[in-house]
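Asker: Mapping of the sequence shown onto my numbering: residues 14 to 386, in sequence order.
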Amino acid sequence: MKTGKGKILLRTVAICGILLPGLVGAVPAWAADPAAPTPAGAVTTPAPPAKGGEESKGSLSLNGPDALAAYKHSWNPLTAGPDLVSYADTLPEGVFNARFFFYTRFTQAQYTNSGGITGLPPGFYETQMLALEAMYFGLGPNTELAVLPSLIGTFSSIGGNPLDGWGLNDFTLGIKHRWIIQNPNSARPSFGTFLFVTLPTTSWLGTPVPRGGLPPISVLPATHFGSPSLTGTLLLRKNIRPFRFFGGLYYTYSFPGIESVTAADPKFFAQFGDLIQYRMAAEDVIDENRGLGLILEMVGLSELPFSVDGLPVNTTPRNFNLIGIQPSVEINLTKRLALSVGVLLPAWGTNEYLSTTPNFSVWYYFGKGTLQR
14 MKTGKGKILL RTVAICGILL PGLVGAVPAW AADPAAPTPA GAVTTPAPPA
64 KGGEESKGSL SLNGPDALAA YKHSWNPLTA GPDLVSYADT LPEGVFNARF
114 FFYTRFTQAQ YTNSGGITGL PPGFYETQML ALEAMYFGLG PNTELAVLPS
164 LIGTFSSIGG NPLDGWGLND FTLGIKHRWI IQNPNSARPS FGTFLFVTLP
214 TTSWLGTPVP RGGLPPISVL PATHFGSPSL TGTLLLRKNI RPFRFFGGLY
264 YTYSFPGIES VTAADPKFFA QFGDLIQYRM AAEDVIDENR GLGLILEMVG
314 LSELPFSVDG LPVNTTPRNF NLIGIQPSVE INLTKRLALS VGVLLPAWGT
364 NEYLSTTPNF SVWYYFGKGT LQR
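Here's what the structure looks like:
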């Protein structure tokens with residue numbers, strides 16, 4: 014159904030009104046991860062009401078077959094979805110989906126301790142490219158496995174010493190469980206947890222990256238290069254036609270280890286502070302048949318001046334903060350192929366580099382029937 018420019022503008026303003034309060038509040042957590050459901054052009058029908066009006070009273074089980082059936086028949090068209098926030102909902106058992114992401118980070122300046130902006134240090138520049146193939150497998154009605162291999166390209170100089178090349182990024186695996194399925198007839202959202210394990214393949218294989226540095230912010234949990242890490246994630250998601258809302262709170266622990274800024278520098282025993290990340294997204298589906306929509310995402314990343322293992326942090330800086338905003342456009346290229354294009358813009362930070370990250374993703378939906386996620 015075609016929509017006028019005025020209506021699209023009003024929707025965009027509405028999305029901004031929902032997300033912007035999160036920028037000035039304390040560390041938030043809204044709702045969840047990539048994806049979408051029904052093939053383009055498919056007709057969705059409301060779930061049949063439970064006997065005695067029980068469903069309208071929100072009496073569905075938390076994640077049982079009745080809740081799954083109600084959600085499966087609710088409004089949830091096929092779109093690309095957010096590029097930075099993970100989903101609380103999971104794929105059906107036996108279903109496999111794959112999504113390719115590509116992020117390019119251009120470092121332009123640096124934030125001071127007080128949030129001001131200054132130029133880059135002498136002899137320093139950095140551009141990084143991250144190519145990620147995210148593969149998702151439905152292990153059960155509420156459990157999903159994520160396999161997240163990626164390549165990282167670095168073109169930089171530290172103190173005039175160039176560091177260029179491509180290689181395998183740190184490898185991440187994840188297991189997600191959905192504890193609550195959203196009720197289409199009440200305010201109840203989907204709630205899930207995601208546990209990520211990141212292996213230091215950049216160190217094992219000698220990938221040319223700044224040791225201890227950070228890759229571009231992506232759908233992966235942010236971790237330090239070459240540092241084995243565990244990330245626990247809480248995810249929320251709610252569909253309210255024509256909008257979908259996503260959010261997540263991530264906490265990352267990096268195991269201490271031997272680090273060096275470059276291969277030529279002396280090695281030392283590094284203890285990083287824990288990382289906390291909060292992400293929110295609002296999606297406005299403008300045309301369900303074409304998968305056309307607008308997405309606004311907000312990402313926050315902070316390194317804490319302590320670690321849960323009790324060891325003192327000895328890296329510099331001991332803590333930092335970053336906040337970015339990403340507007341995106343999405344559209345379905347075919348009935349099973351969805352594209353999204355966006356750019357992560359810097360909003361505020363301390364003790365870190367200021368950068369802009371254009372990115373895109375292409376998502377292919379395998380299987381037959383309703384691809385409800």
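We put the CB at the ideal spot given by N, CA and C, even for glycine.
Is it true that the region 91–102 meets the region 256–273, where meeting means three or more beta-carbon pairs spaced less than 8 Å apart?
Answerer: Taking 8 Å as the limit for Cβ pairs, the verdict is that the region 256–273 does touch the region 91–102.
Asker: DSSP on residue 340, reduced to helix/strand/coil?
Answerer: Strand, per DSSP.
Asker: Return the CA-CA distance between residue 142 and residue 352, expressed in angstroms with no decimal places.
Answerer: If I take the Cα positions, the gap works out to 19 Å.
Asker: Which parts of the region 306–379 are runs of the beta strand (DSSP E), unbroken and 3 residues or longer, counting only runs that do not cross its ends?
Answerer: Segments of the beta strand (DSSP E) lying fully in the region 306–379: 333–345, 350–363, 366–378.
Asker: Confirm, please, whether the CB-CB distance from residue 102 to residue 250 is below 7 Å.
Answerer: Yes; because the gap between Cβ atoms is below 7 Å, this pair is in contact.
Asker: How would you label residue 217, buried or exposed, when you count the other beta carbons within 10 angstroms and need 16 or more for buried?
Answerer: Label assigned to residue 217: exposed.
Asker: Name the DSSP beta bridge partners of residue 179, please?
Answerer: Partner(s): 166.
Asker: Since residue 242 is in the alpha helix (DSSP H), which residue starts that stretch and which ends it?
Answerer: Unbroken run through residue 242 is the beta strand (DSSP E), 242–253; no alpha helix (DSSP H).
Asker: Leaving out five residues before and five after residue 125 in sequence, what residues of the same chain have Cβ atoms less than 8 Å from its Cβ?
Answerer: Once the five neighbours on either side are set aside, the close Cβ partners of residue 125 are 131, 363, 364.
Asker: Could you pull the DSSP bridge partners for residue 267 from this structure?
Answerer: Residue 267 pairs with 242.
Asker: Please state the DSSP three-state secondary structure of residue 78.
Answerer: Looking at residue 78 - three-state DSSP - the assignment turns out to be helix.
Asker: Find out if the Cβ-Cβ distance for the pair residue 206, residue 190 is shorter than 7 Å.
Answerer: Against a cut-off of 7 Å, the Cβ pair of residue 190 and residue 206 comes out as a contact.
Asker: Which residue from 303, 305, 375 puts its Cα closest to that of residue 112?
Answerer: Looking at the Cα atoms, 375 is the closest of the given residues.
Asker: If you reduce the DSSP assignment to three classes, tell me which class residue 88 lands in.
Answerer: Correct three-state label for residue 88: coil.
Asker: Which same chain residues end up closer than 8 Å to residue 76 when comparing Cβ atoms and leaving out the 5 residues on each side of it in sequence?
Answerer: If we look at residue 76 and ignore the five residues flanking it on each side, its Cβ neighbours are 154, 155, 191, 192, 193, 194.
Asker: Once DSSP output is grouped into helix, strand and coil, what is the label at residue 218?
Answerer: Correct three-state label for residue 218: helix.
Asker: Considering only C-alpha positions, which residue in the set 253, 282, 245 is nearest to residue 264?
Answerer: Ranking the options by Cα distance to residue 264, first place goes to 245.
Asker: Could you tell me which of 227, 186, 84 sits nearest to residue 368, measuring between CA atoms?
Answerer: Comparing Cα-Cα distances from residue 368 to each of 227, 186, 84, the minimum goes to 227.
Asker: Taking only the alpha-carbon atoms, compute the straight-line gap between residue 165 and residue 79 and give it to the nearest angstrom.
Answerer: Approximately 43 Å, taken between the alpha carbons.
Asker: If you measure between the beta carbons of residue 233 and residue 167, is that distance less than 7 Å?
Answerer: Contact: no.
Asker: What would DSSP say about residue 93, mapped onto helix, strand or coil?
Answerer: In the structure shown, residue 93 sits in coil (DSSP, three-state: anything other than H, G, I, E or B).
Asker: Could you name the residues of the same chain whose beta carbon sits closer than 7 Å to that of residue 321, not counting the 5 residues immediately before and after it, in chain order?
Answerer: Contacts found: 266, 287.
Asker: Residue 253: buried (16+ other C-beta within 10 angstroms of its C-beta) or exposed?
Answerer: So residue 253 ends up on the exposed side.
Asker: If you draw a straight line from the C-alpha of residue 145 to the C-alpha of residue 187, how long is it?
Answerer: Going from the Cα of residue 145 to the Cα of residue 187 covers about 14 Å.
Asker: Reducing DSSP to helix, strand and coil, say where residue 200 ends up.
Answerer: If DSSP states are grouped into helix, strand and coil, residue 200 belongs with coil.
Asker: Quick one: residues in its chain with C-beta nearer than 7 Å to the C-beta of residue 306, no 5 flanking neighbours on either side, listed in chain order?
Answerer: Same-chain partners within the cutoff: 92, 296, 297, 298, 299, 343.
Asker: Take residue 268 as the anchor and find which of 180, 261, 282 has the nearest alpha-carbon.
Answerer: Ranking the options by Cα distance to residue 268, first place goes to 282.
Asker: Specify the secondary structure class of residue 295 as computed by DSSP and reduced to three states.
Answerer: In the structure shown, residue 295 sits in a strand (DSSP, three-state: E or B).
Asker: Please work out which residues of its chain come closer than 6 Å, Cβ to Cβ, to residue 371, disregarding the five sequence neighbours upstream and downstream, and give them in chain order.
Answerer: The answer, listed in chain order, is 117, 356.
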